[in-house]
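Student: If you scroll down you'll find the structure; I have some questions about it.
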Amino acid sequence: MSPSRLRQVYDRVEKLATPLADDLTRSDEFAQIAALVAGVNKAVRHHTDKMAARAWHALNLPAGTDVQRLKVQLGALDREVRLLSLELQQERSKGVNRRGTSGPEQD
Amino acid sequence: MALPGLSRIDRVRREVERNALRARNGIKMATGIQRTDVGLSPKDVVWGHGRTQLWHYRSDQVRLGPPLLIIYSLFNRSYILDLRPGNSVIEHLVNAGFDVYMLDWGVPDERDAANQLEDYVDSYMPAAIERVCRLAGVDEVNLLGYCFGGVLSVLHAAHHLDSPLRSLTVLTTPADFQQVGPTRDIMARSDLEDVLGDDGMVPPSAILQGFRSLTPLSEITSRVDLFEKLWSDDYVTAYQAMTGWATEQVPLPGGVARQMKQLAADNSLINDRMYLGGDRVRLSDIRVPFLHVLGLRDHIIPVPAAAPLIGLVGSQEKTELQLDAGHVGLMVGKTAARTTVPTVVEFLTKRSEVLS
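Residue numbers (our numbering), protein chains in the order written: chain W, 2 to 108; chain U, -16 to 339.
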């Protein structure tokens, strides 16, 4: 079978299958199953993380989840600092209101 | 299918040549030798804060002012607007004489997990606008938001009525979040905390799956198309650039995802119940000249989701343009070059002065 004939066959199949697949992904059942899969996935991940953490804690070592939690807490602090420095920068530029600037700045 | 003007021998010869090229390009792609560079328009980073950068595109042909500041979406990478030389919205805008800046949000990580919409709308955007004005020595900018960047732009314009905006252009921007398709349904039914990674971000894989569920067979079709045209170097280059962009998602901060879920549940923009930092934000307060360009074949932000926006914005001078294009097609390829960009250029040129 030539490539163009194969393509015609695929196009015919696709034409039939696309509305079915679209209906499927737009159905309530699909949304429910996707939500269920996400929930199960999270539960499994939580369970394995818990077991791994117990093993690391038994050795008096921090687990990956502890490090991650710390990183998120530091991240929240980092965000506060970023927003404050932006606010400061805005206030400063309002006050000074000078024209022109030098090259790139990384705040 | 018989091709006129080609004898049987010519057709066989052509097919043999194409198969040889298919094999060559296939091996190049499989081994990773074939790489496609994207986002090549020359630019300078003129400001940065956290993962966010403000880019200024170099040009020696700026003849229109005030500058144009592009606000990119929080999803995907911004190089879709500067995909390849000759297929770049940025290139078109620079060639039209605009002084172009882009606010790129970078790749967020756990430091951004708690980010809120207010961070972007009330902190980063005012800082970037102020920086553009200072660099260009002007008092106003033309603002252009793409996709969710359009949402950020209208929220900024509505929440900061004194923001120095000459005009506001948004492309394929949703207003009715209950019409955005299966992704919203899944979000509405899921516990968002199940989707968030340990870093507090929505992982790129989850976002990619969400987009794939919108057109379930398109990935297979694109691979079939690729096999068929694998002999063409131009097609392979374009395929790699587009596929790379479509699959290269960035994580979404969990804080923003929670707000988006609420925004969709309340349909806050449509129901005029949008709050930012405790303030009520009304799109009807926007007064600057406004243009919304949307795609009739957009499967990510379908017409019923995007079309209500024009009615919500309070500007007296407002225009909506519905083009026969998909979400990406609006900014890439022939539709972008022939229709979208000229329309945007025309709108912006009317709101600009010729610089002496």
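C-beta: ideal position from N, C-alpha, C; glycine also.
Measuring straight from C-alpha to C-alpha, what distance separates residue 217/U and residue 101/U?
Tutor: For this step, residue 217/U is matched to residue 234 along the second sequence. For this step, residue 101/U is matched to residue 118 along the second sequence. C-alpha separation (whole angstroms): 42 Å.
Student: Assuming residue 293/U contacts residue 303/U (C-beta within less than 8 Å), just tell me the rounded distance between them.
Tutor: What you label residue 293/U is simply residue 310 of the second sequence in a count that begins at 1. What you label residue 303/U is simply residue 320 of the second sequence in a count that begins at 1. At roughly 4 Å, the Cβ-Cβ gap stays under 8 Å, so residue 293/U and residue 303/U are in contact.
Student: Run down chain W in chain order and give the residues with a C-beta less than 7 Å from the C-beta of residue 96/U.
Tutor: Here residue 96/U refers to the residue found at position 113 of the second sequence. The contacting residues are 73, 76.
Student: Mind listing the chain W neighbours of residue 172/U? Cutoff is C-beta to C-beta under 8 Å, in chain order.
Tutor: As a working mapping, residue 172/U is identified with position 189 in the second sequence. Per Cβ cutoff of 8 Å: 32, 33, 35, 36.
Student: Does the beta carbon of residue 308/U come closer than 8 Å to any beta carbon on chain W?
Tutor: For the purposes of this step, residue 308/U is taken as the residue at position 325 of the second sequence. Not an interface residue.
Student: Report all residues from its chain with a CB closer than 6 Å to the CB of residue 103/W; omit the five preceding and five following residues, and keep chain order.
Tutor: By one-based count along the first sequence, residue 103/W stands at place 102. Below a pLDDT of 50, predicted positions are generally treated as unreliable, and residue 103/W, at 48, falls in that range; the measurement from the model is reported next regardless. Excluding positions up to five away in sequence, the list is empty.
Student: In this structure, does DSSP put residue 214/U in helix, strand or coil?
Tutor: Counting from 1 along the second sequence, the entry for residue 214/U is found at position 231. It is coil, neither helix nor strand.
Student: Take the Cβ of residue 318/U as the centre, count every other Cβ of all protein chains shown within 10 Å, and call the residue buried at 16 or more, exposed below.
Tutor: One-based indexing of the second sequence puts residue 318/U at position 335. Buried.
Student: To the nearest angstrom, how far is it from the Cα of residue 69/U to the Cα of residue 309/U?
Tutor: Residue numbering aside, residue 69/U sits at position 86 when the second sequence is read from its first letter. Residue numbering aside, residue 309/U sits at position 326 when the second sequence is read from its first letter. Answer to the nearest angstrom: the Cα atoms are 20 Å apart.
Student: Please confirm if residue 110/U has its CB atom under 8 Å from at least one CB of chain W.
Tutor: Walking along the second sequence from the start, residue 110/U turns up at place 127. Chain W contact via Cβ: present.
Student: Looking at the C-beta of residue 200/U, does it have a partner C-beta in chain W at a distance below 8 Å?
Tutor: For the purposes of this step, residue 200/U is taken as residue 217 along the second sequence, with counting starting at 1. Taking Cβ atoms only, chain W reaches closer than 8 Å to residue 200/U, which makes this a yes.
Student: Does the Cβ of residue 142/U have 16 or more other Cβ atoms within 10 Å, making it buried, or fewer, making it exposed?
Tutor: Translated into the one-based positions of the second sequence, residue 142/U becomes position 159. Its Cβ being crowded by 16 or more others within 10 Å, residue 142/U is buried.
Student: Which chain W residues sit within Cβ distance under 7 Å of residue 178/U?
Tutor: Here the question's residue 178/U lines up with position 195 in the second sequence. Here the neighbours are 39.
Student: For residue 8/U, which residues in the same chain have their Cβ closer than 6 Å to its Cβ, ignoring the five residues on either side in sequence?
Tutor: Here residue 8/U refers to the residue found at position 25 when the second sequence is read from its first residue. So the qualifying residues of the chain are 213, 219.
Student: I want to verify the contact list: residues of chain W whose CB lies under 8 Å from the CB of residue 107/U, in sequence order.
Tutor: As a working mapping, residue 107/U is identified with position 124 in the second sequence. Ordered by position in chain W, the residues that pass the 8 Å Cβ test against residue 107/U are 87.
Student: State the CB to CB distance for the pair residue 314/U and residue 64/U, rounded to an integer number of angstroms; the pair is presumed to be in contact (CB under 8 Å).
Tutor: Looking up residue 314/U in the second sequence gives position 331. Looking up residue 64/U in the second sequence gives position 81. Contact flag correct, Cβ pair sits at about 6 Å.
Student: Looking at chain W, is there any beta carbon in it that lies within less than 8 Å of the beta carbon of residue 251/U?
Tutor: Translated into positions along the second sequence, residue 251/U becomes position 268. No, its Cβ sits nowhere closer than 8 Å to a Cβ of chain W.
Student: On the DSSP letters alone, give me the boundaries of the alpha helix (DSSP H) that residue 314/U sits inside.
Tutor: What you label residue 314/U is simply residue 331 of the second sequence in a count that begins at 1. Element bounds for residue 314/U: n/a, residue is neither H nor E.
Student: Quick test of the definition: if touching needs 3 or more C-beta pairs under 8 Å, does the segment 221 to 241 of chain U touch the segment 179 to 196 of chain U?
Tutor: Counting Cβ pairs under 8 Å, three or more are found: they touch.
Student: Name the chain W residues whose beta carbon is nearer than 7 Å to that of residue 196/U?
Tutor: As a position in the second sequence, residue 196/U is number 213, starting the count at 1. The answer, in chain order, is 26.
Student: Taking 8 Å as the threshold (beta carbon to beta carbon), is residue 49/W in contact with chain U?
Tutor: Here residue 49/W refers to the residue found at position 48 of the first sequence. It does not; no Cβ of chain U falls within 8 Å.
Student: DSSP state of residue 19/U, grouped into three classes?
Tutor: Numbered from 1 along the second sequence, position 36 holds the residue referred to as residue 19/U. Coil, per DSSP.
Student: Using the C-alpha atoms, what's the distance from residue 26/W back to residue -16/U?
Tutor: Working through the second sequence from its first residue, we reach residue -16/U at position 1. Working through the first sequence from its first residue, we reach residue 26/W at position 25. Because the pLDDT at residue -16/U is just 49, under 50, the model does not fix this residue reliably, and the value given afterwards should be weighed accordingly. Whole-angstrom Cα-Cα distance: 35 Å.
Student: Does residue 325/U come out as helix, strand or coil in the three-state DSSP assignment?
Tutor: Here the question's residue 325/U lines up with position 342 in the second sequence. In the structure shown, residue 325/U sits in a helix (DSSP, three-state: H, G or I).
Student: Short of 7 Å in beta carbon distance, which residues of its chain neighbour residue 175/U, apart from the five on each side in sequence? Order them along the chain.
Tutor: Against the second sequence, residue 175/U aligns to sequence position 192. 240, 241, 244.
Student: If we ignore side chains and look at the alpha-carbon of each, how far apart do residue 82/U and residue 48/U end up?
Tutor: For the purposes of this step, residue 82/U is taken as residue 99 along the second sequence, with counting starting at 1. For the purposes of this step, residue 48/U is taken as residue 65 along the second sequence, with counting starting at 1. The alpha-carbon atoms of residue 82/U and residue 48/U are separated by roughly 7 Å.
Student: Rounded to the nearest angstrom, what separates residue 33/U and residue 83/W at their Cα positions?
Tutor: Here residue 33/U refers to the residue found at position 50 of the second sequence. Here residue 83/W refers to the residue found at position 82 of the first sequence. In a straight line, the C-alpha of residue 33/U is about 7 Å away from that of residue 83/W.
Student: Use the C-beta contact count for residue 52/W: other C-beta atoms within 10 angstroms, 16 or more gives buried, fewer gives exposed.
Tutor: Taking the first sequence and counting its residues from 1, one reaches residue 52/W at position 51. The residue in question, residue 52/W, is exposed, as its Cβ has fewer than 16 Cβ neighbours within 10 Å.
Student: For the segment 7 to 27 of chain W, which residues have a beta carbon sitting closer than 8 Å to at least one beta carbon of chain U?
Tutor: Within the segment 7 to 27 of chain W, the residues whose Cβ lies closer than 8 Å to some Cβ of chain U are 8, 11, 15, 18, 19, 22, 23, 25, 26, 27, listed in chain order.
Student: At 3 residues or longer, and completely inside the segment 192 to 248 of chain U: list those beta strand (DSSP E) runs for me, N to C.
Tutor: Listed in chain order, nothing qualifies, since the segment 192 to 248 of chain U has no complete beta strand (DSSP E) run of 3 or more residues.
Student: Counting only runs of 4+ residues fully inside the segment 33 to 72 of chain U, write out the alpha helix (DSSP H) ranges in chain order.
Tutor: Listed in chain order, nothing qualifies, since the segment 33 to 72 of chain U has no complete alpha helix (DSSP H) run of 4 or more residues.
Student: Using the DSSP secondary-structure output, state which residues sit across from residue 85/U in a beta bridge.
Tutor: Reading the second sequence from its first residue, position 102 is the one you call residue 85/U. Per DSSP, 38/U, 53/U.
Student: Would you mind stating whether residue 30/U and residue 55/U have Cβ atoms separated by less than 8 Å?
Tutor: The residue you call residue 30/U lines up with position 47 of the second sequence. The residue you call residue 55/U lines up with position 72 of the second sequence. No; because the gap between Cβ atoms is not below 8 Å, this pair is not in contact.
Student: So what does residue 278/U bridge to, in DSSP terms?
Tutor: Reading the second sequence from its first residue, position 295 is the one you call residue 278/U. Note: residue 278/U sits in a beta bridge opposite 306/U.
Student: Kindly list, in the order they appear in chain U, the residues whose Cβ is closer than 7 Å to that of residue 83/W.
Tutor: On the first sequence, residue 83/W is found 82 positions in, with the first residue counted as 1. Those within 7 Å of residue 83/W in chain U are 32, 33.
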